[in-house]
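In the numbering used here, the protein residues as written are 14 to 361.
Quick look at the structure:
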């Protein structure tokens, strides 16, 4: 046993990319780590699959280098209008989610991270430890996603959205893969009246399309409103089932409760519009391990790591769900320095 009669130093609930990164961070810090995840490896999910340059750097620091396609920048497209910016520094990477997850799982195993297929139905803690899924740990890192069970069990859920106007602004996501060669080295964001389609090259013969917007989401119907994108995908074979997620916005009262720390999407989420969820999740994983036993320090680190994301993404979502939406891409075209500055800020 570890200090204090615990079975393990760090119990990570959720074995997705952020949970595995948190476990690797713990092992790098000389701590024992166990991941609780009932699903087998690799786990697929609805996501844009574009890693920003900062996320690629974070993976390299963890010793993970998944294969994929270089991403040189971001383009916003609406009809004949196109604004694009190429990263000034290193490229990002388009990586199939299952490929990324398998690479992180292999690294975690190499680092001696243990794994359990249990489920968390209760969280109990005292002055020296926390118990969940039949395991006693010194600390628990909740990396269990948008609809975090640990967040709910520890009373850290933020106020629920209420009122018709808030419900009408709830956004969801659905992702589909097409078997065809990528036509660009950029992430293209195609804008229609009420949805956006995020197009990401993820392999030499595979393109991912992630649709964001209000429910119900119908990818085929959305593509009909984006003829240029529909033309690119015409005749391409759909690879695998569509996957959905949402509602995307999730609030939290705080990121810590005693010896429990919320990490990644479980710690609160604004929207996938800016495509930096994994970059932020990896940064939070590092901060959580660095601040075990220092909840106030983790709260400060979390706030610093997510400040730009919360401000810019919140602003963009507010515009995207308002009558100003049709002006967003034209503004990006007319103001390239502003568009470039926003992309660079979020990329790092």
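For each residue, glycine too, the CB sits at the ideal point set by N, CA and C.
Bear in mind that the values here come from a model prediction, so they are computed numbers and not experimental data.
| Query | Result |
| --- | --- |
| Straight-line gap, residue 22 to residue 75 (C-alpha atoms, nearest Å) | 19 Å |
| Exposure label - residue 207; buried when at least 16 CB within 10 Å | exposed |
| Reduced DSSP category for residue 171 - H, G, I as helix; E, B as strand; rest coil | coil |
| Environment of residue 137 [buried if 16+ CB atoms lie within 10 Å] | exposed |
| Residue from 143, 349, 63 and 360 whose Cα sits closest to the Cα of residue 112 | 63 |
| Through-space distance from residue 301 to residue 245, alpha-carbon basis | 43 Å |
| N-terminal and C-terminal residue of the alpha helix (DSSP H) that residue 233 is part of | 232-237 |
| Same chain, Cβ closer than 7 Å to residue 243, five either side skipped, listed in chain order | 236 and 237 |
| Cβ neighbour criterion (16 or more within 10 Å) applied to residue 53 | exposed |
| Among 109, 83 and 91, the one whose alpha carbon lies nearest that of residue 100 | 83 |
| Of the listed residues 306, 131, 28 and 282, nearest to residue 118 (C-alpha basis) | 28 |
| CA-to-CA distance, residue 324 to residue 50, given in whole angstroms | 32 Å |
| 8 Å CB neighbourhood of residue 200 in its chain, flanking five on each side removed | 61, 63, 84, 86, 87, 88, 105, 107, 211, 212, 213 and 288 |
| Short CB-CB distance (under 7 Å) between residue 135 and chain E | The structure shown has no chain E; it contains just one protein chain. |
| Minimum length 3: unbroken beta strand (DSSP E) runs contained in the segment 270-310 | 273-275 |
| Residue interval of the beta strand (DSSP E) (run including residue 213) | 209-216 |
| Pairwise C-alpha distance: residue 194 and residue 171 | 42 Å |
| Residue range of the unbroken beta strand (DSSP E) whose run includes residue 59 | Run containing residue 59: none; DSSP gives neither H nor E here. |
| Residue 66 burial status per 10 Å Cβ neighbour count (16 or more: buried) | buried |
| Nearest to residue 269 (by Cα), restricted to the options 331, 314 and 284 | 314 |
| Collapsed DSSP secondary structure at residue 315 in the structure displayed | helix |
| Separation of residue 97 from residue 352, as counted between CA atoms | 8 Å |
| Bridge partner(s) assigned by DSSP for residue 110 | Looking at the DSSP assignment, residue 110 forms no beta bridge with any residue, so it has no partner. |
| Whether residue 297 touches residue 277 by CB criterion (7 Å) | yes |
| Secondary structure of residue 450, DSSP reduced to three states | Lying outside 14 to 361, the shown extent of the chain, residue 450 is not represented and no answer is given. |
| Endpoints, alpha helix (DSSP H) assigned at residue 69 | 66-75 |
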